[in-house]
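Number of protein chains: 2
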Amino acid sequence: MVTYSADVTDDDLVFKALADPTRRILLDLLFQRDGRTLKDLESGLEMTRFGVMKHLKILEDAGLVVTRRSGREKLHFLNPVPIRMIHDRWIDKYREREVSALLALKAELEEKDRS
Amino acid sequence: MVTYSADVTDDDLVFKALADPTRRILLDLLFQRDGRTLKDLESGLEMTRFGVMKHLKILEDAGLVVTRRSGREKLHFLNPVPIRMIHDRWIDKYREREVSALLALKAELEEKDRS
DNA sequence: TTGACAGGTGACTAAATGGTCACCTATAGT
DNA sequence: ACTATAGGTGACCATTTAGTCACCTGTCAA
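First to last, the sequence lines map onto chains A and B. To convert, take the position in the first sequence, counting from 1, and add 128; that gives this note's numbering. To convert, take the position in the second sequence, counting from 1, and add 128; that gives this note's numbering.
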C-alpha cells in the first residue's frame with residue numbers, strides 16, 4: 129500500500145507551489161518535454177540558478193515534479209496526479225459535463241474566429 | 129475582444145487565489161451549496177467578516193466565484209471553469225488516461241481497506 | 001423615520017515569499 | 001591529480017500578503 133507523506137498539508141504545498149508564475153513555466157517546460165536537468169531548465173529563464181533550484185525544490189516537495197539522479201545530473205519529470213486531484217475537488221460529474229461543453233463551444237468559436 | 133492588464137495575467141489571479149487555505153475552504157463551502165451570503169460563509173470560519181470579505185473579493189476577481197446582488201445581500205456562486213482550465217494545461221489526453229486509471233485504482237484499494 | 005442589519009473601504013502591522021550571493025560537495029573527462 | 005561542471009545550503013534583503021480595525025453606505029422592517 130502506497131502512503132503519501134504528510135497528508136496533513138499536502139494540498140497546501142501543491143497550491144502554494146502553483147501560485148508562482150516561474151514555477152508554472154517550469155511545469156510548462158516539463159509538460160513539453162520530461163527528464164530535463166536543472167541546467168537545461170535554467171537556460172530558459174531569466175533568473176539565477178539558485179532561484180530556479182529553489183522553485184524546483186518547492187515543486188518537488190509538492191509532488192508536482194518527480195526526480196531521478198543520473199551521475200552528477202538530476203532529471204526532472206512532471207507528475208500530473210496532484211493536478212487531477214485539484215480538478216476532482218471542485219468539479220463533480222454534473223459540473224464536468226457543463227464545463228466540458230462550455231469549453232468545447234468556446235474552442236469552436238475561437239476556431240471560427242481564426243478562419 | 130477582451131484585453132487583459134499588462135503584468136497580471138488572468139491565470140495568475142486564479143492560482144494566487146487558490147494559494148490560500150481559507151479561500152479553498154470558501155470554495156469547498158460553495159461546492160457543497162451555492163448562493164450563500166457573506167454572513168453565511170463568515171459563520172463557518174474563525175475570522176472576522178473583513179478577512180472573509182477580502183478573500184471573497186480575491187476569488188471573485190479571479191473568476192472562481194461569481195456573485196449576484198439581491199437587495200442588501202450578495203449571493204456567491206462557484207464557477208468551475210478556471211479549475212478545468214488548470215487541468216487542461218498540464219494534463220493531455222494521454223496523461224489523463226494514466227492518471228484516471230491510477231486514481232481509480234487508489235480509490236478501489238482504499239475501499240477495500242475500509243471493509 | 002429610525003434603528004438594526006448586510007455589505008464595503010483605506011490604513012496599518014506581522015508574517016511569508018522571491019531572488020541573490022558566498023561558499024560547499026560530488027561527478028566527469030583529460 | 002586536477003580542473004571544469006552539475007548540483008546544493010544558509011543567510012540575507014525587498015516585496016507581497018493575511019488579518020484586523022475605525023469608519024462609511026445602502027437596504028429592510030416596525
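Glycine is no exception: its CB is placed at the ideal position from the N, C-alpha and C atoms.
- Under a criterion of Cβ atoms nearer than 7 Å, the residues of chain B adjacent to Phe159(A) are, in order, Trp218.
- At least one CB atom of chain B sits nearer than 8 Å to the CB of Ala147(A).
- When the beta-carbon positions are compared, Leu158(A) and Val193(A) come within less than 8 Å of each other.
- When the alpha-carbon of Glu224(B) is set against those of Arg217(A), Trp218(A) and Met213(A), the nearest one is in Met213(A).
- Judged by pairs of C-beta atoms under 8 Å, the stretch 141-152 of chain A touches the stretch 184-204 of chain A, as three or more such pairs exist.
- By the rule that beta-carbons nearer than 8 Å mark a contact, Asp138(A) does not touch chain B.
- The Cβ atoms of Leu203(A) and Thr165(A) lie closer than 8 Å to each other.
- Residues of chain B with a Cβ closer than 7 Å to the Cβ of Lys240(A) do not exist; the shortest Cβ-Cβ separation is about 14 Å.
- Arg152(A) has a beta carbon lying within less than 8 Å of a beta carbon in chain B.
- For Ser228(B), the enclosing alpha helix (DSSP H) starts and ends at Lys221 to Arg242.
- The beta-carbon distance between Thr150(A) and Leu173(A), rounded to whole angstroms, is 7 Å. This is short enough to meet the 8 Å contact definition.
- Ranked by Cα distance from Gly163(B), the first of Arg217(B), Thr195(B) and Asp220(B) is Thr195(B).
- In the structure shown, Thr150(A) adopts helical secondary structure according to DSSP, grouped into three states.
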